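Mapping of the sequence shown onto my numbering: position 193 corresponds to residue 193, and the numbering continues sequentially without gaps.
Each residue gets a CB set at the ideal place from its N, CA and C atoms; glycine is no exception.
Computed from a predicted model, the values in this text were never measured in an experiment.
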Amino acid sequence: MAYELIEVRTEAGKVGVVQLNRPKQLNALNNQLMDELGAALKAFDADPAIGCMVVTGSEKAFAAGADIGAMASYGFAEVYGGDYITRNWETIRQVRKPVIAAVSGFALGGGCELAMMCDFIIAADNARFGQPEIKLGIIPGAGGTQRLPRAVGKSKAMDMALTARMMDATEAERAGLVSRVVPLDKLMDEALGAALTICELPQLAVMAAKESVNRSFETGLSDGVMFERRLFHALFATADQKEGMDAFVGKRKPQFRHR
Ligand code: DAK
Numbered sequence: 001m002a003y004e005l006i007e008v009r010t011e012a013g014k015v016g017v018v019q020l021n022r023p024k025q026l027n028a029l030n031n032q033l034m035d036e037l038g039a040a041l042k043a044f045d046a047d048p049a050i051g052c053m054v055v056t057g058s059e060k061a062f063a064a065g066a067d068i069g070a071m072a073s074y075g076f077a078e079v080y081g082g083d084y085i086t087r088n089w090e091t092i093r094q095v096r097k098p099v100i101a102a103v104s105g106f107a108l109g110g111g112c113e114l115a116m117m118c119d120f121i122i123a124a125d126n127a128r129f130g131q132p133e134i135k136l137g138i139i140p141g142a143g144g145t146q147r148l149p150r151a152v153g154k155s156k157a158m159d160m161a162l163t164a165r166m167m168d169a170t171e172a173e174r175a176g177l178v179s180r181v182v183p184l185d186k187l188m189d190e191a192l193g194a195a196l197t198i199c200e201l202p203q204l205a206v207m208a209a210k211e212s213v214n215r216s217f218e219t220g221l222s223d224g225v226m227f228e229r230r231l232f233h234a235l236f237a238t239a240d241q242k243e244g245m246d247a248f249v250g251k252r253k254p255q256f257r258h259r
């Protein structure tokens, strides 16, 4: 598939990088861009050479939200009856390998929601997160009212959704929305470093860890712990579990085969 609104590349033959590329519109997310992003992530997910993905934007904007101009004329019939802004926002959730959001600049509205759909967020020190939809007469529509309180708690989530206040990178890290903050010029190095670390680790265990952490958002504690236990047991059927433990006991470097 030829992409127009994203740039796609592979780093070290192992990390799939998707860069949102509508810089003049601050990477406002329209249907074409979301279709392309979904297709690129699914292609990387299906590629056995790829162990992890990074989604990033420009220095000024990860993404300033869904494309307001494209949405402005929609009525209920279009947004509910059609699939104009719903058909491609869940694709990222189908991706089984880890996806890291490398965020610099604005991550607003759907941009903040997209970052939160990724497995974790590494932020540049100029990152600003917000759910300003209220100023447009709408509310977050791609999971913001659900994922944000899980990430930062009710009070900050309410503050952001009700006042449209933006959160800077320092506050976002303190609140738990992002895992690391780095200087802007180190953002991609940091994200690629994290991605490469993941690529070196046993992929079946990586996928199981992602699945299990994600399950914690869907279940109660007892069911979640049981789900985790089943995956834990299953990993003892992998060659990489034998290799990892044998290597530790033998004081040597493991050679994982992702089997
Ligand atoms: N949409 C379209 N264009 C945008 C945009 C957006 N969200 N954000 C910025 N732009 C465009 C501007 O119109 C401007 O275009 P030109 O005038 O140059 O043609 C260009 O990007 C540069 O923007 P500014 O001139 O405004 O730049 P500033 O530095 O002055 O301000 C800003 C930056 C990010 C503070 C400002 O642009 C801004 O407030 N942007 C809008 C932020 C916003 O309200 N975002 C939330 C949008 S609603 C759903 C899925 C997703 C969603 C809902 C449902 N489903 C699956 C159901 C998501 C909804 C949203 O995200």
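Rounded to the nearest whole angstrom, the C-alpha separation of Lys251 and Val79 is 58 Å. Assigned with DSSP and collapsed to three states, Met167 falls in strand.
Glu4 and Asn21 have their C-alpha atoms roughly 8 Å apart. Judged by DSSP secondary structure, Ala115 falls outside any beta strand (DSSP E) and instead within the alpha helix (DSSP H) spanning 110 to 117. With a cutoff of 7 Å on beta-carbon distance, Ile6 and Leu37 are scored as near each other. Under DSSP, the beta-bridge partners assigned to Ala123 are Val103, Val181. With distances taken between CA atoms, Val95 lies nearest to Val54 out of Ala77, Pro23, Val54. Between Thr163 and Gly144, the alpha-carbon positions lie close to 14 Å from each other. Taking each of Ala63, Pro140, Val17 in turn and checking the Cα distance to Asp45, the smallest one comes out for Val17. Under the 10 Å beta carbon count, Met188 is surrounded by 16 or more other beta carbons and is classified as buried.
Residue range 239 to 249 is occupied by the alpha helix (DSSP H) that includes Phe248.
In this structure, Ala151 keeps its C-beta atom at 7 Å or more from the C-beta atom of Leu114. The Cβ neighbour count for Thr10, taken over all protein chains shown within 10 Å, is under 16; the residue is labelled exposed.
According to the DSSP assignment, Gln19 belongs to the beta strand (DSSP E) that extends over 15 to 20.
By the neighbour-count criterion, in which 16 or more other beta carbons inside 10 Å mark a residue as buried, Arg147 falls on the buried side.
For the ligand DAK, no non-hydrogen atom lies closer than 6 Å to the CB of Gln19. The region 60 to 70 and the region 103 to 121 touch, with three or more beta-carbon pairs separated by less than 8 Å. One thing to note: Ser104 has its Cβ within 7 Å of the Cβ of Ala124. If one requires a minimum length of 4 residues, the alpha helix (DSSP H) runs lying completely within the region 37 to 100 are 68 to 71, in chain order. Exclusion of the five residues before and after Ala12 leaves Leu196 as the residues of its chain whose Cβ lies within less than 7 Å of its Cβ. Remark: the C-beta of Leu201 is outside contact range of the ligand DAK, defined as less than 6 Å to any heavy atom.
Sequence-distant partners of Ile134 (beyond 5 residues in either direction) whose C-beta falls short of 6 Å from its own C-beta, in its chain, are Ala164. When beta bridges are read from the DSSP output, Arg9 appears opposite Val17. In the three-state reduction of the DSSP assignment, Leu162 falls in the helix class, which pools H, G and I. Under the three-state reduction of DSSP output, Phe227 falls in the helix class. Between Pro202 and Val99, the alpha-carbon positions lie close to 16 Å from each other.
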